[in-house]
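Protein chains: 2
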Amino acid sequence: MAIMGDTLAAATAVGGQYRQPILVAAIEITAREGWSAVTMARLAERIGISRQTVYNEVGSKTALAEAMVAHELDRFLALVGGAFDRHPDDLPGAVYDAVRGVLDLAADNVLLRAVVSATHGGDAELLPLLTTRADTLITEATAILAERVRSHRPGVSAEQIDVAVDVLVRAVLSHVMQPSDTPARTADRLAWLAGRVLDDGSSGVPLRYGGR
Amino acid sequence: MAIMGDTLAAATAVGGQYRQPILVAAIEITAREGWSAVTMARLAERIGISRQTVYNEVGSKTALAEAMVAHELDRFLALVGGAFDRHPDDLPGAVYDAVRGVLDLAADNVLLRAVVSATHGGDAELLPLLTTRADTLITEATAILAERVRSHRPGVSAEQIDVAVDVLVRAVLSHVMQPSDTPARTADRLAWLAGRVLDDGSSGVPLRYGGR
DNA sequence: GACTTGACAAACTCTACGATTCTGTAAATC
DNA sequence: GATTTACAGAATCGTAGAGTTTGTCAAGTC
C-alpha cells in the first residue's frame with residue numbers, strides 16, 4: 003500500500019475541478035451545522051456553481067457522504083503513514099507521532115470523531131451512511147499499521163505484531179472518544195507500550211516507563 | 003443466562019422486596035423490546051403489584067434506569083473480580099478469564115452493550131440516561147483492575163500498570179462493540195499481551211505468542 | 001404498615017395532514 | 001462544459017388533536 007494520498011487520493015481527487023471544493027464545503031457545513039444542513043442547493047450557492055454541476059460531480063447525496071468519509075479517512079491514514087516515514091528507525095517514535103497526530107486531529111474534527119464513533123457502535127445521529135466504510139476502519143487501520151510495523155520489526159512474529167497493533171488501534175480509537183489524558187501523554191504511554199511489546203531484543207529500550 | 007445475578011446482590015438488593023423483581027423485569031423488557039417499551043404500569047402488571055408500589059420502590063423512571071445500569075455494571079465488574087480471585091498466582095490466566103467472561107457476557111446482553119456503546123460515544127437510542135454512570139465505566143473498570151493487577155505484580159511500577167490496564171480495558175470495550183475474533187482467541191491474545199507488558203522478570207513467561 | 005385504588009395535572013408520544021423543501025433527472029440554452 | 005428551467009417523487013416541517021405515561025395525591029383495604 004502506497005503512502006499518503008497517492009492511491010487513496012486516486013479515490014478522491016479524481017473528478018472535475020469542482021469536486022474538491024464541494025467536498026470541503028460539505029465537510030465544513032457538516033462540522034458546524036450537521037449533515038442535515040448540507041443541501042445540494044446550498045453547496046452550489048456557496049461555491050458559486052449550479053446545483054446541476056454538483057450532481058454531475060458527486061452523483062448523489064449518498065455518494066457525497068461516502069466521499070466525505072473517504073476524504074477524512076485518508077487524512078487519518080496519511081497521518082499515520084507520515085509518522086512512520088519520519089521515523090524509519092524508531093518504532094516508539096513513530097507510534098508517538100502517529101498517536102499524537104490522530105488524537106490532535108480528532109480533537110477539533112467533528113467528522114473524524116463521527117466516523118470513529120460509528121465504528122465504535124454509536125449512532126452519531128449525523129451519518130448513518132458511513133457504515134459501509136466505518137465498518138472497516140479498524141480493519142484498514144490495523145492492516146496498514148501492521149504493514150509498517152513489520153518493516154520496523156522484521157524479527158518479530160506476525161502474530162505478535164497483529165496483537166500489538168490491534169490493541170494499539172483500538173486504544174487510540176477509544177481515546178478519541180473518551181480521552182483520559184492529553185494527546186501528548188497518551189501518545190507517550192502508547193509508544194512506550196508498543197516498544198515494550200514489540201521489543202525484538204536488539205534495541206536498548208529501557209523497560210521502565212519514563213515521561214517524554 | 004449462565005450466571006445468576008445473585009453474586010453481588012448485596013449492592014443491589016437494598017430496598018423493599020419488590021425492587022429486585024422490578025429491576026429484572028425492566029431489564030428483560032428493555033433487552034427484548036427496548037427501553038421505550040418499559041412503562042411503570044407494565045412493570046406493575048407483570049409482577050402483580052400496583053403501579054404506586056413501583057413508584058415507592060424505584061422513585062422514578064430515571065432512577066429505574068440508573069438502577070438497571072448499576073445492576074449490569076455490577077455483573078460486569080463482579081466477573082472481573084471473580085476471574086482474579088480464581089487465579090491468585092497467574093496474571094495472564096486471570097486476564098484470560100476476565101476478558102473471556104466479559105466478551106461472552108456481552109455477546110448476549112443487549113443492555114451491557116448499550117452501556118459500553120454509550121461509553122464509547124454512541125447514542126444507542128435506548129438509554130441517553132446512562133451518561134452519568136457510563137462516563138465512569140472506563141474509570142471504574144480501570145481502577146479495580148489496576149488494584150487487582152497491583153497485587154499480582156508488586157514489583158512493577160504503578161505507572162506501568164496504569165498504562166497496561168488502560169489499554170487492556172479499552173481494547174476489551176472495543177472488542178465488545180466490534181469483535182474481530184472469537185472471545186476465546188481475543189482473550190488469549192490480550193492475556194499474552196498483559197503477561198508480556200507486565201512481566202516483572204521473575205516468571206518464566208515465554209515471549210512468543212502461543213495459542214491456548 | 002404495607003399495599004392498592006382511583007383520580008388528576010403536566011408532559012410526552014402518536015397520528016394525520018397539508019405546506020414546504022429537497023433530491024434526482026431531463027431537456028433546452030448559453 | 002456549464003447553466004437554467006422544469007418537474008415528479010420523497011423527505012421534512014409545523015401544526016393540531018387524541019391518546020399515553022409520568023409523577024403525586026388522598027382515601028380505602030388487608
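Residue numbers (the numbering used here), protein chains in the order written: chain A, 3 to 214; chain B, 3 to 214. We put the CB at the ideal spot given by N, CA and C, even for glycine. Source: prediction; values computed, not measured.
Under 7 Å, do A108 (chain B) and V82 (chain B) count as touching if we go by C-beta distance? no
Would DSSP call P185 (chain B) helix, strand or coil? helix
Going by C-alpha distance, which of A:I31, A:K63, A:Q19, A:T144 is nearest V167 (chain A)? A:T144
Any Cβ of chain B within less than 7 Å of the Cβ of R198 (chain A)? yes
Tell me the DSSP secondary structure of L60 (chain A) in three-state form. A small correction: the amino acid at residue 60 (chain A) is Val; Leu does not occupy that position in the sequence shown. Reduced to three states, the DSSP call for V60 (chain A) is helix.
Chain A contacts from the segment 155-170 of chain B (Cβ-Cβ distance under 9 Å): S159, E161, Q162, D164, V165, A166, D168, V169, L170
Along chain A, which residues have their Cβ under 7 Å away from the Cβ of W194 (chain B)? V165
Neighbour flag for I140 (chain B) against chain A, beta carbons, 7 Å: yes
Sorted by chain position, which residues of the same chain lie with C-beta nearer than 7 Å to A13 (chain A)'s C-beta, five sequence neighbours on each side aside? Any reading at A13 (chain A) must be qualified, since the residue scores a pLDDT of 45, below 50, and its modelled position is unreliable; the value itself is stated next. A72.
Going along chain B, which residues have a C-beta under 7 Å from I34 (chain A)? Per the sequence shown, the amino acid found at residue 34 (chain A) is Arg instead of Ile. Going along chain B, no residue has its Cβ under 7 Å from R34 (chain A), so there is no contact; the nearest lies around 19 Å.
Min CB distance A173 (chain A) to chain B below 7 Å: yes
Extract the residue ranges of the alpha helix (DSSP H) inside the segment 22-104 of chain A, only unbroken runs of 4 or more that lie entirely within it. 42-49, 53-60, 63-88
Member of A:P94, A:A160, A:L66, A:V178 whose CA lies at the smallest distance from the CA of N111 (chain A): A:V178
Could you pull out every residue in the same chain whose Cβ sits closer than 7 Å to the Cβ of R53 (chain A), ignoring the five residues on either side in sequence? M42, A43, A46
Are the segment 187-198 of chain A and the segment 19-33 of chain B touching, with three or more C-beta to C-beta distances below 8 Å? no
What's the gap between the Cα of I29 (chain A) and the Cα of M70 (chain A)? 7 Å
Segment contact flag, the segment 82-96 of chain B with the segment 150-161 of chain B, C-beta cutoff 8 Å, min 3 pairs: yes
Take I146 (chain A) and list the residues in its own chain whose beta-carbon comes closer than 8 Å to its own, dropping the five residues that flank it on each side. M3, L79, V82, G83
Examine chain B for any beta-carbon lying closer than 7 Å to the beta-carbon of S176 (chain A), and answer yes or no. yes
Can you name, in chain order, every residue of its own chain whose Cβ lies under 8 Å from the Cβ of A33 (chain B), other than the five neighbours on each side? N111, V112, L113
Same chain, Cβ closer than 7 Å to D202 (chain B), neighbours up to 5 away in sequence not counted: R155, G157, V158
Can you give me the start and stop residues for the alpha helix (DSSP H) that R172 (chain B) sits inside? 160-179
Do you know how far the Cα of L66 (chain A) is from the Cα of N58 (chain A)? 11 Å
So, under 8 Å CB-CB, I140 (chain B) and R102 (chain B) are touching, yes? Tell me the CB distance rounded to an integer number of Å. Not quite, the Cβ-Cβ distance comes to about 20 Å (not below 8 Å), so this is no contact.
So V169 (chain A) and V169 (chain B) are supposed to be a Cβ contact under 8 Å. How far apart are they, rounded? 6 Å
Keeping to the same chain, check which residues put their C-beta closer than 7 Å to that of D125 (chain A); ignore five residues upstream and five downstream. Low confidence applies here, because D125 (chain A) scores a pLDDT of 43, under 50, leaving its location unreliable; read the following figure in that light. Nothing listed; no residue qualifies.
Within the continuous alpha helix (DSSP H) that includes T144 (chain A), where are the two ends? 139-154
Do you know how far the Cα of V97 (chain B) is from the Cα of L25 (chain B)? 30 Å
Taking just the CA atoms, how far does G36 (chain B) sit from E127 (chain B)? Caution is warranted here: a pLDDT of 47 is assigned to E127 (chain B), below 50, making its placement in the model unreliable, and no coordinate value can be reported.
Should G61 (chain A) be labelled buried (16 or more other beta-carbon atoms within 10 Å of its own) or exposed? exposed
Nearest candidate by alpha-carbon position, reference E161 (chain A), set B:L175, B:L93, B:L195, B:T138: B:L195
Alpha carbon to alpha carbon, how far is V56 (chain A) from K63 (chain A)? Give it in angstroms, no decimals. 10 Å
Please report how far the alpha carbon of R115 (chain A) lies from the alpha carbon of I49 (chain B), in whole angstroms. 43 Å
To the nearest whole angstrom, what separates the beta carbons of S176 (chain B) and S176 (chain A), a pair I think is in contact under 8 Å? 6 Å
Top-ranked residue by Cα proximity to I163 (chain B), from B:V199, B:D92, B:V104, B:P90: B:V199
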